[in-house]
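One structure is given below, encoded as structure tokens.
Protein chains: 2
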Amino acid sequence: MNKSSLLLLLLWLAVTGTLICVLVESRFMVYNTTSGVDPCKLNVHLVPHTHNDVGWLKTIDQYYIGSNNSIQGACVANILDSLVPALVADKNRKFIYVEQAFFQRWWREQSESVQDIVKQLVRSGQLEFINGGMCMHDEAATHYIDMIDQTTRGHRFILDTFGVGFDSLYYGRIDYQDRAMRKEQKSLEVVWRGSKSLGSSAQIFAGAFPENYNPPNGFSYEVNDDSPTVQDDINLFGYNVQERVESFVATAVSQANITRTNHLMWTMGTDFNYQYAHTWFKQMDKLIHYVNEDGRVNALYSTPSIYTDAKHAAKEAWPLKTEDFFPYAEYENAYYTGYFTSRPALKGYVRTMSGYYLAARQLEFFRGRNDVGPNTESLGVALAIAQHHDAVSGTEKQHVADDYTKRLSLGYNEAEVLVSTSLACLAESIEYKQCGSPSTRLQQCPLLNISYCPPSEADLSQGKTLAVVVYNSLGWKRRDLIRIPVKMEDISVQDDEGREVEFQLVPITDAYLRLRSYHAKVYLGNTVNDEPKYWLFFPVSVPPLGFSMYFISAAKGDAGSAKSRVDTFQRGDKSTIDIGQGNIVITFSSEKSGITHYRDRKNMVTEPIAQSYSFYTSFNGTDKDRRVSSAYIFRPSHLYSIIPEGKIPPTIVRGPLVEEVHQQISSWIYQIMRVGREKEHVEVEFIVGPIPADDSIGKEVVTQFTTSLETNKTFYTDSNGRDFLKRVRNHRGDWDLKVDQPVACNYYPINLGIFLEDREKEFSVLVDRSVGGSSLHDGQAELMLHRRQFNDGGLDEALNETVCASDKCKGLIIQGKYHFRFDRRGEGAKWRRSFGQEIYSPLLLAFAEQDGDHWRSTSRTTFSGIDSSYILPENVAVITLQELIDKSVLIRLAHLYEVGEDKDLSITASVELRKLFPGKKVGKVIEMSLSANQERSEMERKRLVWQAQGVESEEHKVSRGGPVDPLKLVVDIAPMEIRTFIVQFDNQREQ
Amino acid sequence: MNKSSLLLLLLWLAVTGTLICVLVESRFMVYNTTSGVDPCKLNVHLVPHTHNDVGWLKTIDQYYIGSNNSIQGACVANILDSLVPALVADKNRKFIYVEQAFFQRWWREQSESVQDIVKQLVRSGQLEFINGGMCMHDEAATHYIDMIDQTTRGHRFILDTFGVGFDSLYYGRIDYQDRAMRKEQKSLEVVWRGSKSLGSSAQIFAGAFPENYNPPNGFSYEVNDDSPTVQDDINLFGYNVQERVESFVATAVSQANITRTNHLMWTMGTDFNYQYAHTWFKQMDKLIHYVNEDGRVNALYSTPSIYTDAKHAAKEAWPLKTEDFFPYAEYENAYYTGYFTSRPALKGYVRTMSGYYLAARQLEFFRGRNDVGPNTESLGVALAIAQHHDAVSGTEKQHVADDYTKRLSLGYNEAEVLVSTSLACLAESIEYKQCGSPSTRLQQCPLLNISYCPPSEADLSQGKTLAVVVYNSLGWKRRDLIRIPVKMEDISVQDDEGREVEFQLVPITDAYLRLRSYHAKVYLGNTVNDEPKYWLFFPVSVPPLGFSMYFISAAKGDAGSAKSRVDTFQRGDKSTIDIGQGNIVITFSSEKSGITHYRDRKNMVTEPIAQSYSFYTSFNGTDKDRRVSSAYIFRPSHLYSIIPEGKIPPTIVRGPLVEEVHQQISSWIYQIMRVGREKEHVEVEFIVGPIPADDSIGKEVVTQFTTSLETNKTFYTDSNGRDFLKRVRNHRGDWDLKVDQPVACNYYPINLGIFLEDREKEFSVLVDRSVGGSSLHDGQAELMLHRRQFNDGGLDEALNETVCASDKCKGLIIQGKYHFRFDRRGEGAKWRRSFGQEIYSPLLLAFAEQDGDHWRSTSRTTFSGIDSSYILPENVAVITLQELIDKSVLIRLAHLYEVGEDKDLSITASVELRKLFPGKKVGKVIEMSLSANQERSEMERKRLVWQAQGVESEEHKVSRGGPVDPLKLVVDIAPMEIRTFIVQFDNQREQ
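Chains as they are written, first to last, in the working numbering: chain B, 1 to 991; chain P, 992 to 1982.
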């Protein structure tokens, strides 16, 4: 008798005129999806897409194969498997795909016939690759060289497989306040000039979406999604065509109110959507059919390219956007600035591998690429994947971070063999291609950072000699100071011509021996008891893209002069002491437990400076506010200074090459401040961790520099290691900032360095990996070195990294460096750019134990890959030198300076290409787009010209290097320009 | 430096020999899925399947279209959409599909080319229909006629569409204790003889699965499922082929330990699985390939048919299973016996519609089927769907129950028009096919149960006559008592020949007027003020499959003699009183507030009897034990007797035709006990509800009969209205029952009735709908009439039915009847079977208001659809008489008695088919299988013969009716036999 609701339904049926009728005839529908752009209507571009994280909560392979679904139900193979028939079913349907790391995995599992179908889908434009990199790389924590490399890897695959190159469009998340402003001002879509130096020559049309990259609310059609499906079968209950059309039109009109021109884009899909592509297309087919039947707006299948062409055709002028979109707050109090430092060990490892990969590819080219044997491919792939915005960013689950590390380590292991072999071949002067296995086995020391290096620790007392091969991947001749652990103290160091080389022995302190023994146990699984006693320092000189050799052997005499003098401050000592015998001298105060002054004898500069450590405690969240500090978010509660412990007074190490101050800042922070005799800066080496966890309160550990510079809220941080962007505390260039988080909202990503300037001086700090940093007070600079959290902030686990040995785990310890220096105003760029490049590309060391003099007498002890008469201009770096599969060479030359950054070096430089390939006959040289997937001329020809609002002319004339004369082969490179070439050699095919 | 887990992974890699290698060549795999049965190995039959509830948490249309996914993510269209390409992709893949209600929805949306592909898939055996009914009907709460009808509807569609008929296999859930026993004894698979009468002639091979109908743990591959996928790409991490093969083999071997023969079935799928069929087949392809490569067991794509053939080929003898599998406990304390009564209003409505549908199809045939106009199709479809195991069972969400009700109501509305038209045409003797719109509009009264019937309540004072057409859908001539509400008291009733008919007027009590006014408001949306005063009772006599007419008009004289005498017991009155002037007399005691004795004057039987109401409070659950009373589960805490309220003493109604005792048992229970002068039983009419909700404790309302029968724990309940099965309290025939729930574990579904017997007597109770019942003490019988719950038991809502008017809701009120009677031992079957059939098929009433004598003089006032000289044998019912699309007729004849049930009627009966079709020339008569999808001879030929263990010969010789002589056309029907024929008429095509 319970018919109450029945009656209501019946009445409703009577009203809507819907009545059931059973056993009706076939009602097979063909939906009309042929619509293109309609210039007279509001066009709703439906852009079917998915976003596939190349690792996040699951590893890349788990995402691909669809395993570990209890963590997250996601299988990329499903997406691509289901996509093909869905596109084939209707030629009007379109799709864009991004992450080539996944696409490549899928591609190689397909039959030839499926591959042929996909090729046809790409040719017809139904399937379009967007971004085209191996992953959608992070924007903050990535170095520009890595970004280029990972994009090139994806683009070259697409070029090789589908024969197409393409331009890129970028869309990003933006700050919630910025978004609100842009909605109001219809300025979500802009002309973006990211580089001041390159100006309009590097501008792109860019857009942020009203609702991130999701579909409008109610139009999401993933399997089992709860958006209302279009029910157009009149024979069933719930017929809702009119209702869905109304909702579509209303949503479009509302979006039109915040958008210029009569073109809107709906991003139809989100993370890991299209597990069964049919579910989306079935609904979009219906929407397009019925919405266009309705006629008020025009719905169409589209892609970003079609959309952009339509925007361009509107001939509008667009708001101009300069600089970047950092930092990003998702909501109030939710600044995504914690991840600039999250997982500092992974960030450091990525950076180390990035420099190594650059060097390894050079050596791979010098020896000749081996497609099957050990090569740099797996390292390149691992690095490419590690650029993902949940990889190097530190915003992935722990097991996924471990996966990236594992891949890098495996890639390194393979590249290490290649590097050793290549160096040995070059040393033994074995001809190219014949060098399968050289007689000498060179060893490298990837664990040098924990002072573990078995070859250098060897006992040389039985007439053995340790040959040290020092490789320089920069295009300049280079002098540097080597540091390796040794057990013996009675040794001598000789150069390749047998000349004695000055050296210094610095005792390895307990802090390092603890680091060594614990992590050797962790990495190697066994205990390493036989500890080295000293760090051996000695200067080296190495030609560009080449190596020098040094030889270490037992010495009979007393090494007394080489041994450092070690003094310990006495308790209560209030004296100060100067450190450094070269140009740079620092004054250290025992009373203040730190540096007080910096002096540059050459520049006659003396500056007061203080340096200290602190930590922020993390907001722990309340029942109502779960926006806690996490892998993503930085949300501090309080700042606590760490006062160096009086119990262990600082130690001073003195000697001919370096002088150091060692400080146990706290039980979990150890620091060495080092001044090298020939160095023009101060080097700070730190060991931070384990961050105390006993109170279960998250902590963000920072180091702060206090100077007397009058900086007026202003500081500069680099953008991905490239342009330095001006930052103003509590200020945004694009909107009036409401300051809810006065610390977190001023944090910026730092990949190269941060600097301050006032009317007279500059103060610069350079980093060895990606970190977050800021200047929270005038004259001050701050770097966040490490962080540890205990609240889940979206990963279903806290960012609480631990390291385990023998089943016992302790918090992660970070070892690293930063460097600082003062300059006169306008003169700091030279150090930042040149030394910055040295930090990125440290000297690569390889070791071989020899009987006596054998190697020195039989091998080539010095080598340069470029013409011996040539070095690269000081303002240019070779950021890629890589042999491709077809034996041609990919070379990228990067100008290191911005316009106006240095009075001498911010000028166009010239590189003689021929000199870079001595002994080879350079044939054809083709200038390519940055990612080397199309000729530059073709790209320039296709490039859309966008008009920016209110910009009459450029502030300065943008200069770009012109075409390369094929006879002269001299390449001009303007400030901040990067030029990419493929060089073919005349005998290339025969090689 | 966080490389701890890296190292572990590397070590692990070294152990398993898995190493990454990038940029490898294509590895397109072709999996070998060709395997068939291997007689020498353990065969694992992978049976891909899905189970699609035809309504449960969502309505059938919501499930089909995939709407309302926030309740449950499920879209049947996805399943069928994705299935076709998955089967086409590999001809070895197989799939079984069940629910034709869904399949038909999908089928009519397909293009011809897809339909052709599906036809080919069915022909080749890749796609097999199993069960083949519109739904997978419930086993407990369904009447056998409905089960047959819904299965026929599905099977006929398959026959018409694919030209195939098929046999059915059934597999069910079974009690957890039973399952444990059967695992141990390898008796999950049995030869099942459900009917004692039909014995081996109706046995089937049946099996329960070790783990319900799900795949083994770890082998479930729904989109985003978390079973481990088979990762066989050596280039990715997580390669697990060997591990998955080991798991497969181990699972198979473990299952083999509880299974006879070397054939196992794995049911690969579960509820609403195969949303993207590809995900399953991709994994099963790999499993079959690698498991067979391994070779220890043989994996194959299979179907229940292939599996059953393999089982049969093993020539084993199987354990014999008789009777049914009720009741079912999923776990300890979790008896699925609540649903036997859940939603008693829906159960009542289904039963009412079932009987109406049977009658309507007869009238549709008599008039001639109209394919486009009003017909019985939508009622048939609605009824078919309502048989689903989450429909009539009452285990669906409220909005879904409303959907079933709505469909029944819409179907009824259409059938009502057909019935009225058909009766009018027959009355007006208009020729077949010419009768589009007869001049008389007959009205029916579906709300008679709340005493609402506008035509009978009409004012006849202005010379109007109310013609009452009384249709009898039984094959026997029938005398019965009609009851309709009237406003006037001065009336006369005449039969078709103008003879006065004795009648009685019984005042309509307040309890009914309240029911009427509230529910009229609920159903009709407006208040019905003008109340009828009396129930008019009068006896009718109607020919088989035909009607009689009666005429009611205003009478001048005094109707005093027809008015009932009403006496009210005085408070404190301790007298007893006898009710009934016919054979049956009951003694009612005011002191005991109820019946004390039952007397049958004809049989000279006098029996003490008590009848009362009680309720169980429901177990509310604890933190640790959430197995609460719910839509499914019956789990009582305490039993409370309901002592009739002294305030309102019982009322006695006396008159010539019926005598009644009215009792207000409590504020929410009202009862009328009625004895008709010509009736051979006591009728009890009850109004129960709203069940009090103020204490938020669930309640299960029961009525109990206490007799003196010495029943020794034994009682009998019917199986779907067909065989009566012996039940023994706290006992199972198949295993030693551990009694955890002494009440719930003894509850059984009742569709027809329950009876008790001892050495001398029988006591029977017949019901008007499906209910739960038991005998919890010797001599006692109990029916659960209504229940209301406040805890969620799996539906995300409680079974708390309410009825709302003007936005105010109150608990559901149930109005219904049951009947009881005593017999001498061995003589009760006749009443149970004959009167049971009358309950199922009540007389159908239609009304027409006429001017004076007009209709009686111009129309056919009596009609029978069969030969006027013929009536059906007393032990046979026409359970189907239906015109098919091709104008042939489907007729089903059911023997109503079991072997040995009645000394006279448990014998083979004969029906002269020709007599059932007077005036038509019977052409070809084809005996069909029960569901009419293949000829019976063909079915018998294909039927597998199974050997049951320990059964030498049948207990009694099974008799079945033999072939029908095409000239004589006399059908013999043995006890419990149902025979199905398609009758073609010689001029059929021309009609």
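Glycine residues also receive a C-beta, built at the ideal position from the N, C-alpha and C atoms.
In this text the structure is predicted, and so the values were computed from the model without any measurement.
| query | By a C-beta neighbour count over all protein chains shown, 10 Å radius and 16 as the cutoff for buried, is Gln72(B) buried or exposed? | reply | So Gln72(B) ends up on the buried side.
| field | Of the residues Tyr550(B), Lys196(B), His278(B) and Val653(B), the one placed nearest Gly900(B), counting alpha carbons only | value | Ranking Tyr550(B), Lys196(B), His278(B) and Val653(B) by CA distance to the CA of Gly900(B) puts Lys196(B) first.
| task | Give a yes or no on whether the C-beta atoms belonging to Leu1074(P) and Phe1086(P) are separated by under 7 Å. | result | Closer than 7 Å, so yes.
| task | Would you mind listing the beta strand (DSSP E) stretches within the region 947–986 of chain B that are 3+ residues and don't spill past its ends, in chain order? | result | Given a length threshold of 3 residues, each whole run of the beta strand (DSSP E) inside the region 947–986 of chain B is given here in chain order: 970–973 and 978–985.
| When you compare only the Cα positions, how much space is there between Cys2033(P) and Pro1530(P)? | Because residue 2033(P) is not part of the residues shown, which for chain P are 992 to 1982, the question remains open.
| Nonlocal neighbours in the same chain, by C-beta distance under 7 Å from Pro918(B), ignoring five residues either side | Excluding the 5 residues flanking it on each side, Pro918(B) has same chain C-beta neighbours closer than 7 Å at Ile866 and Asp867, in chain order.
| query | Using a Cβ-Cβ distance under 7 Å, would Asn933(B) count as near chain P? | reply | It does not: the Cβ of Asn933(B) has no partner Cβ on chain P nearer than 7 Å.
| Interface partners of Asn1060(P) on chain B, CB under 7 Å | What Asn1060(P) touches in chain B: Asn224, Asp225 and Asp226.
| So, is the C-beta of Gln110(B) closer than 7 Å to a C-beta in chain P? | Chain P has a Cβ within less than 7 Å of the Cβ of Gln110(B).
| field | Minimum Cβ-Cβ distance from Thr229(B) to chain P less than 7 Å | value | Yes, Thr229(B) counts as interfacial toward chain P.
| What residues are listed by DSSP as bridge partners for Phe1838(P)? | Note: Phe1838(P) is bridge-paired with Gln1434(P) and Val1459(P) in the DSSP secondary-structure output.
| What residues in the region 55–89 of chain B have a beta carbon less than 9 Å from any beta carbon of chain P? | Close to chain P, meaning a Cβ-Cβ distance shorter than 9 Å, are the following residues of the region 55–89 of chain B: Thr59, Ile60, Asp61, Gln62, Tyr64, Ile65, Gly66, Ser67, Asn68, Asn69, Ser70, Ile71, Gln72, Gly73, Ala74, Cys75, Ala77, Asn78, Asp81, Ser82 and Pro85.
| field | Contact under 7 Å by Cβ, Asn583(B) with Asp600(B) | value | Yes; because the gap between Cβ atoms is below 7 Å, this pair is in contact.
| query | Can you tell which of Pro1295(P), Gly1145(P) and Tyr1281(P) has the C-alpha that lies nearest to the C-alpha of Met1020(P)? | reply | Ranking Pro1295(P), Gly1145(P) and Tyr1281(P) by Cα distance to Met1020(P) puts Tyr1281(P) first.
| field | Range of the contiguous alpha helix (DSSP H) that encloses Asp1140(P) | value | It spans Tyr1135 to Phe1153 - the alpha helix (DSSP H) in which Asp1140(P) sits, taken as one unbroken run.
| field | Proximal residues to Pro1957(P) (C-beta, below 7 Å), its chain only, five neighbours per side dropped | value | Around Pro1957(P): Val1916.
| Using the beta-carbon count (16 or more within 10 Å), is Asp1521(P) buried or exposed? | Asp1521(P) is exposed by the Cβ-count criterion.
| DSSP-derived helix/strand/coil call for Arg1507(P) | Judged by DSSP in its simplified three-state form, Arg1507(P) adopts helix.
| query | In its own chain, which residues sit with a C-beta less than 6 Å from the C-beta of Leu1472(P), not counting the 5 before and 5 after it? | reply | The residues are Phe1528, Pro1530 and Gly1667.
| said: Quick check on this structure: which residue in Lys1338(P), Ala1684(P) and Tyr1298(P) has the alpha carbon closest to the alpha carbon of Gly1198(P)? | reply: Out of Lys1338(P), Ala1684(P) and Tyr1298(P), Tyr1298(P) has the C-alpha closest to the C-alpha of Gly1198(P).
| said: Let me check you understand the geometry: is the CB of Ile1070(P) closer than 6 Å to at least one non-hydrogen atom of the ligand MG? | reply: Absence of the ligand MG is noted for the structure shown, with no ligands found whatsoever.
| request: Keeping to the same chain, check which residues put their C-beta closer than 6 Å to that of His155(B); ignore five residues upstream and five downstream. | output: Scanning its chain for C-beta atoms nearer than 6 Å, with the 5 sequence neighbours on each side dropped, one finds around His155(B) the residues Gly132, Ser931 and Asn933, in chain order.
| CB contact check: Phe237(B) to chain P, cutoff 7 Å | At a cut-off of 7 Å between beta-carbon atoms, Phe237(B) makes contact with chain P.
| query | Between Asn1866(P) and the rest of its own chain, which residues show a CB-CB distance below 7 Å, the 5 nearest in sequence each way excluded? | reply | The residues are His1886, Leu1887, Tyr1888, Leu1896 and Ala1900.
| task | Please name the residue in Tyr1204(P), Asn1059(P) and Glu1234(P) whose C-alpha comes closest to that of Met1259(P). | result | Minimum Cα distance to Met1259(P) is reached at Tyr1204(P).
| task | Can you pull the chain B residues whose beta carbon is under 9 Å from the beta carbon of Arg1018(P), in chain order? | result | Here the neighbours are Arg108 and Glu109.
| query | Is Tyr276(B) close to chain P, meaning its C-beta is less than 7 Å from at least one C-beta of that chain? | reply | At a cut-off of 7 Å between C-beta atoms, Tyr276(B) counts as an interface residue with respect to chain P.
| message | Can you look up Gly1346(P) in the DSSP assignment and give me helix, strand or coil? | response | Correct three-state label for Gly1346(P): helix.
| query | With Gly603(B) and Gly698(B) assumed to form a contact (beta carbons below 8 Å), what rounded beta-carbon distance in angstroms separates them? | reply | Correcting the residue identity first, residue 603(B) is Asn in this sequence and not Gly. The C-beta distance from Asn603(B) to Gly698(B) rounds to 42 Å, too long to fall under 8 Å, and the pair is not in contact.
| message | Cutting at 6 Å between CB atoms, please list the residues of its own chain near Leu1349(P), excluding the five before and the five after it. | response | Counting only Cβ-Cβ distances below 6 Å, and skipping sequence neighbours, we find Ser1464.
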